[in-house]
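The sequence shown begins at 5 in the numbering used here and counts up by one. We put the beta carbon where it would ideally sit given N, CA and C, even for glycine. Computed from a prediction, not measured in an experiment: that's the story for all the values here. Data first, discussion second: the structure below is written as structure tokens.
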Amino acid sequence: MPYTGRIVRSASLNGYIELMESLGLDPGIFLRKVGLSTRLLKDPESPIPSHALRELLETTASATGMEDIALRLAARRSLSNLGPISLVLKEEPSPRQALATLCRYLRLVSTALVIRIEDDGPTVTIREDLLPTPGPATRQAMELSVAMMFRILCELTGPKWRPLQVCFTHRQPADVSAHRTFFGRNPSFNQPFNGIVCAASDLQAPRTPDHSGAMELARRHLDAALKRRGTGIRASCSELILALLPSGRCTAQQVARHLGIDRRTLHRHLIVEGLTFSALLDETRSNLVIRHLRESDQPIGEIASLLGFATQSSFSHWFRAAFGCSVTDWRKHEADPSAGPTAGRAHRRPAPAVSPQ
């Protein structure tokens, strides 16, 4: 039975087999541990579960001591690894328009990744995030996504291009030399978002497309594939919740407005899938808060703000109701799982309840 959860193209792991073999390691051992195979990776269009990619990168980094495995993989990539999408991107008249096209077809590359482009006068911020789900850490998968975006921009703007800033929400690794070499500057860690800040002028530089017939064929193919795949209401809501949370204005009404429907229509669509907006909001927050607490050193107040809470106290009340303990107790349990019965309740995950709104 085909996998129906969040998926990525197997091309996302392009170069993994070769990298492992160059180190004298058997890639098959690591792939089998997460339910993948070397045969599966030979077809770049094969869909693979996004959680398997996350787990593979994290377990490989841990077992081999390669904290920079994501950067090593990204260094082996080029724009062509995006498949037919690369033909369309190369024909856009500017890097900024190519980014807009990439966002349009992103679901054909990954249904787990969200990219938002923010134009702010002299700068453009490219925010990237993984839709929050339980499971392995996201550091390596997130670094791979941001590093691949950097590689794409280098091809679209020229090899000498450099970003103004590179940001990650996770904590700084012990050694950042690989990051400095890869990006040409020191990234910032424990930041409010993952992504790249660019000079707007760099992204508006005109390009010279060759107007090949292959581009039109590729665009028709991509549009047809996008129409076949569609977007479920749950996925659309999750993406919007992720985008709106830091603004503090993540309400059912706001999400419905962005979807072009009214609140009651949104509620009816969610009920069909056995959901309510409040349950989906809590599920997203629950997965996000675990990610922030495990992978970053951000203060509790900043985490509360990223999750859309107006005050730290309201966040603390929500966290205790959701996890049965305080944030402090949760962190103590993470540091020492034998800390005691109170901390032991910290791992109780809330089951999103379906209730009328």
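So, are the CB atoms of residue i and residue j less than 7 Å apart?
i, j, result
"L91", "A102", "no"
"P99", "L207", "yes"
"A65", "Q144", "yes"
"T115", "I11", "yes"
"P177", "E71", "yes"
"S300", "N190", "no"
"V118", "E243", "yes"
"P250", "L310", "yes"
"S16", "L57", "yes"
"P167", "C202", "yes"
"H225", "G139", "no"
"E59", "A141", "no"
"L292", "P136", "yes"
"S149", "C171", "no"
"L246", "C254", "no"
Excluding the 5 residues flanking residue i on each side, which residues of the same chain have their C-beta closer than 6 Å to its C-beta?
i, result
"R131", "R120, F197, G199"
"L75", "A151, A182, F186"
"C158", "W165"
"S320", "none"
"L284", "C241"
"R223", "V92"
"R108", "none"
"H174", "R143, E299, S300"
"E147", "A74"
"T323", "According to the sequence provided, residue 323 is Phe. The question's Thr does not apply to it. Contacts found: V331."
"G19", "L77, R80"
"G188", "R166"
Buried or exposed: where does residue i fall if 16 or more other Cβ atoms within 10 Å of its Cβ makes it buried?
i, result
"S14", "buried"
"T315", "exposed"
"L3", "Lying before the first or after the last residue shown, residue 3 is absent from the chain, which here runs from 5 to 361."
"D123", "exposed"
"V331", "buried"
"P213", "exposed"
"P210", "exposed"
"V276", "exposed"
"T184", "Checking the displayed sequence, the identity of residue 184 turns out to be Arg instead of Thr. By the neighbour-count rule (16 or more Cβ atoms within 10 Å), R184 is not buried but exposed."
"A78", "buried"
"R81", "buried"
"E49", "exposed"
"G312", "buried"
"R36", "exposed"
"S318", "exposed"
"S3", "Any question about residue 3 goes unanswered here, given that the chain covers just 5 to 361."
"A308", "buried"
"R295", "buried"
"R289", "buried"
"D266", "exposed"
"D133", "buried"
"D340", "exposed"
"D47", "exposed"
"D179", "exposed"
So does residue i have its beta carbon nearer than 6 Å to some heavy atom of the ligand MG?
i, result
"Q144", "As presented, the structure is devoid of all ligands, the ligand MG included, so that no description of it is given."
I'd like to confirm the pairing. Which residues does DSSP put opposite residue i in its beta bridges?
i, result
"S114", "V12"
"V128", "D123, C202"
"V150", "Answer by DSSP bridge pairing: none, since V150 is not bridged."
"Q437", "With the chain running from 5 to 361 in the structure shown, residue 437 is simply not present."
"L134", "L117"
"S181", "In the DSSP output, where bridge partners are listed per residue, S181 has none listed."
"S192", "C171"
Nearest chain D C-beta to residue i closer than 7 Å, yes or no?
i, result
"P140", "Structure shown: chain D not included; a single protein chain is present."
Just to confirm my understanding: we take residue i, look at its own chain, exclude 5 residues before and 5 after, and list those with CB closer than 7 Å. What are they?
i, result
"I52", "I11, V12, S14, L40, L44"
"M219", "L91, V92, E95"
"G252", "G312, A314"
"I304", "Q316, V331"
"A325", "none"
With a CB to CB cut of under 8 Å and the five nearest residues on each side skipped, what residues in its chain are close to residue i?
i, result
"L270", "I237, C241, A256, V259, A260, L263, F281"
"I21", "P31, T42, L45"
"P88", "A222, H225, L226"
"L83", "S90, L93, K94, R155, I156, E159, L160"
"T68", "L27, L29"
"L297", "I307, V331, W334, R335, E338"
"Q361", "At Q361 the pLDDT is 33, less than 50, meaning the model places this residue with poor confidence; the figure from the coordinates comes in the next sentence. Only A256, H271, T280, F281, S282 meet the Cβ criterion."
"P97", "P210, R211, P213"
Task: Entirely enclosed alpha helix (DSSP H) segments - the region 28-96, minimum 4 residues - done: 31-37, 42-45, 54-68, 73-78, 88-94
Open item on the list: List, from N- to C-terminal side, the alpha helix (DSSP H) runs of 4 residues or more that fit wholly inside the region 215-246.
Closed with: 217-233
Open item on the list: Please give the ranges of any alpha helix (DSSP H) in the region 250-314, keeping only runs that are unbroken, at least 4 residues long and fully inside the region.
Closed with: 256-263, 267-276, 281-299, 304-310
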